[in-house]
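Everything below concerns the one structure shown next.
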Amino acid sequence: MSTTFDLDDTQRMLRDSLARFLTDQHGLEQRLHQLDQALDAPPLWRAFAHDLGILGAAFGEDHGGLGGGMPENLLIMETLGEALCAEPYLSTVVIAGGVFKRCPDPAWRQMIGRIVDGHALVAFAHTEATARHGLQGLRTTLQTRADGDGLVLHGHKTVVHGARWATDLLVTACDPQAHGDAQALSLLCIPAGTPGIRRTDLRTIDGGHASELFFDKVAVNPGQVLGPRGGAHALLEPVLDEATLATCAEALGVMRRLMHDTLDYARQRRQFGAPIASFQALQHRLADMHLALEQAAAITAASAALLDAPEAQRAAAVSSAKVCVSRACRTVGQGAVQLHGGMGMTEELAIGHYFRRATMIEQRFGPADWHIDRVARLAAAQHAA
């Protein structure tokens, strides 16, 4: 299989072992069967933890990991994307793991060990109907109880991926007086079974699962707040950039599979006595798809090299990558479906499932327009300074 990133021998072995496992255990029929089942846990999670060890690939050896970092997260996400695997790696390892690694309280870093051994599955409850992207405009509130004894969480989160399997929830909230100001953001980690939490499970357009979460005056211990109350912005901003880039890596895997299957089909499908791949108009369409994919791969790899850069440079690089990847998802996805004709959207063919996943990724962590606006805001701020 091809890959976007330069790999050393250890990373190549990790990718190859995961790809082989997914080929054997996660074909289209198996995926459809698993999505239709009301499973108590992600079907492959135990194997990820104990047989493959990938849950620890991006963590240091002091946490029971393999000593890797974001490069391992990106290659794993690309491989999961190529197999259309819906395991909650992004929310648990990339987001929650990224938060726990940065948390100033060392007690929270112990959660990494629970992630590595597969015992902790964490859902990130952040998106709201009025605050879909970024950290601004949240209406979920965290305030001190009237009697001064503890805190109260109240609000509603939408499209929470992996919530039905989660052991713990990472929840963002603001003080009511902050009116959704991102600079007054709090982040807390609470057990998913905490009294006062109500969950409604939904199907997403790509066939996966997400949930709505309702927090009805949930009692929260101050010790469940990560970092200083109202000071989570600096903790979350780099983690969400990493998660956005990890989603870009997943998209590259999805698009590589779309390209592979479409090229294979075009070489086999015959019309007017010749393979349709021999028709110049379709060759041009395939070339456009390939170019969009390679441009997206190049900017994703370049942005990965800037994750440790100063905040504004990192944010601009990640948003630029997301813009390019989102546009490529549309170019490659639509081209793949159209070159297959009507059968491209049937349940029996993988193309339609990959197209729907690419469409979902376009919107996750912000569509192209939102990230263009973010880059413009960063440029304006830099110019003003």
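At position 133 of the sequence shown the residue is numbered 133 (UniProt numbering), and the sequence of numbers has no breaks.
Cβ coordinates follow ideal geometry from the N, Cα and C atoms, glycine included.
Bear in mind that the values here come from a model prediction, so they are computed numbers and not experimental data.
Excluding five sequence neighbours on each side, which residues of the same chain lie with their C-beta closer than 7 angstroms to the C-beta of H233?
-> Counting only Cβ-Cβ distances below 7 angstroms, and skipping sequence neighbours, we find L135, A182, Q183, L185.
If you measure from the beta carbon of M259 to each beta carbon in chain B, is any gap under 8 angstroms?
-> This model lacks chain B altogether; it includes just one protein chain.
Taking all protein chains shown into account, do 16 or more other C-beta atoms lie within 10 angstroms of the C-beta of P42, making it buried, or fewer, making it exposed?
-> Counting Cβ neighbours within 10 Å, P42 comes out buried, since at least 16 surround it.
In the stretch 28–111, which residue ranges form an unbroken beta strand (DSSP E) of at least 3 residues, counting only runs that do not cross its ends?
-> Counting only runs of 3 or more, we get nothing.
Expressed to the nearest angstrom, what Euclidean distance is found between the alpha-carbon atoms of S17 and P176?
-> So the two alpha carbons sit approximately 49 angstroms from each other.
Whole-angstrom Cβ separation of L245 and L74, contact assumed at under 8 angstroms?
-> Sure, about 7 angstroms apart at Cβ, within 8 angstroms.
If G253 and E82 are in contact, beta carbons under 8 angstroms, what's the gap, nearest whole angstrom?
-> Right, their Cβ atoms sit about 4 angstroms apart.
Taking only the alpha-carbon atoms, compute the straight-line gap between V318 and A304 and give it to the nearest angstrom.
-> Straight across, the Cα-Cα distance linking V318 with A304 is about 8 angstroms.
Let me know the secondary structure DSSP gives D181 once reduced to three states.
-> The answer is coil: DSSP assigns D181 none of H, G, I, E or B.
Quick check: the stretch 13–29 against the stretch 79–93, are there 3 or more CB pairs under 8 angstroms?
-> These segments touch.
Which value, in whole angstroms, describes the spacing of the CA atoms of A297 and C324?
-> Take the alpha-carbon of A297 and the one of C324: they are about 9 angstroms apart.
What separation, rounded to the nearest whole angstrom, lies between the Cα atoms of V171 and P195?
-> Our two residues, V171 and P195, have alpha carbons roughly 15 angstroms apart in a direct line.
With respect to the beta strand (DSSP E) encompassing T158, which residues constitute its N-terminal and C-terminal limits?
-> Unbroken beta strand (DSSP E) run through T158: 151–161.
Apart from the five residues on each side of it in sequence, which residues of its chain come closer than 8 angstroms, Cβ to Cβ, to P275?
-> If the five residues before and after P275 are omitted, its C-beta is found closer than 8 angstroms to the C-beta atoms of A266, R267, Q268, R269, all from its own chain and listed in chain order.
If you draw a straight line from the C-alpha of G155 to the C-alpha of D216, how long is it?
-> G155 and D216 have their C-alpha atoms roughly 7 angstroms apart.
Give the single residue among H126, H179, V337, H119 whose Cα lies nearest to the Cα of A47.
-> The shortest Cα separation from A47 among H126, H179, V337, H119 belongs to H119.
Can you pull the DSSP bridge partners for C174?
-> DSSP, once it has assigned bridges, lists T141, L185 as partnering C174.
For L282 versus L349, is the C-beta distance shorter than 8 angstroms?
-> Using a Cβ distance threshold of 8 angstroms, L282 and L349 do not count as a contacting pair.
Quick one: what does DSSP say Q136 is sitting in, helix, strand or coil?
-> Of the three classes helix, strand and coil, the one that applies to Q136 here is coil, per DSSP.
Element boundaries [beta strand (DSSP E), containing F21] | No beta strand (DSSP E) holds F21; the alpha helix (DSSP H) holding it covers 9–25.
Which residue spans inside the stretch 300–334 form an unbroken alpha helix (DSSP H) run of at least 4?
-> Unbroken alpha helix (DSSP H) runs of no fewer than 4 residues, entirely contained in the stretch 300–334, are not found.
Local conformation of E250 per DSSP, three classes = The answer is helix: DSSP assigns E250 an H, G or I state.
What's the C-alpha gap between F272 and Q280?
-> The straight-line gap from Cα to Cα measures roughly 14 angstroms.
Mind checking who F215 pairs with in its DSSP beta bridge?
-> Residue pairing by DSSP places F215 opposite G155, I197 in a beta bridge.
What's the gap between the Cα of G64 and the Cα of G162?
-> Distance between the alpha carbons of G64 and G162 is about 24 angstroms.
Answer with buried or exposed for E242, where buried requires no fewer than 16 other C-beta atoms within 10 angstroms of its C-beta.
-> By the C-beta density criterion, E242 is buried, having at least 16 other C-beta atoms within 10 angstroms.
Span separating the alpha-carbon of F124 from that of V99 | Going by the C-alpha atoms only, they are around 11 angstroms apart.
Using the Cα positions of M111 and V122, report the straight-line distance between them to the nearest angstrom.
-> Approximately 10 angstroms between the Cα atoms of the pair.
Would you identify the three-state DSSP class for I351, choosing helix, strand or coil?
-> Reduced to three states, the DSSP call for I351 is helix.
Quick one: what does DSSP say A166 is sitting in, helix, strand or coil?
-> Looking at A166 - three-state DSSP - the assignment turns out to be coil, as it is neither helix nor strand.
Reference I372, options G180, R145, L66, K322, closest by Cα | Distance check between I372 and each of G180, R145, L66, K322 places K322 closest, using alpha-carbon atoms only.
Have a look at V337, T79, L153, D62 and flag the residue whose alpha-carbon is nearest the alpha-carbon of P106.
-> Closest option to P106, Cα to Cα, is D62.
Three-state class that DSSP yields for A120 in the structure shown | In this structure, A120 counts as coil in the three-state DSSP scheme.
Can you tell me the Cβ-Cβ gap for A249 and E78, rounded? I've got them flagged as a contact below 8 angstroms.
-> That pair is a contact at about 4 angstroms.
I372 (DSSP reduced to helix, strand or coil) | Collapsing the DSSP output to three states places I372 in a helix.
With distances taken from CA atoms, which of L55, C103, A251, L52 is nearest T331?
-> The residue with the shortest Cα to Cα distance from T331 is A251.
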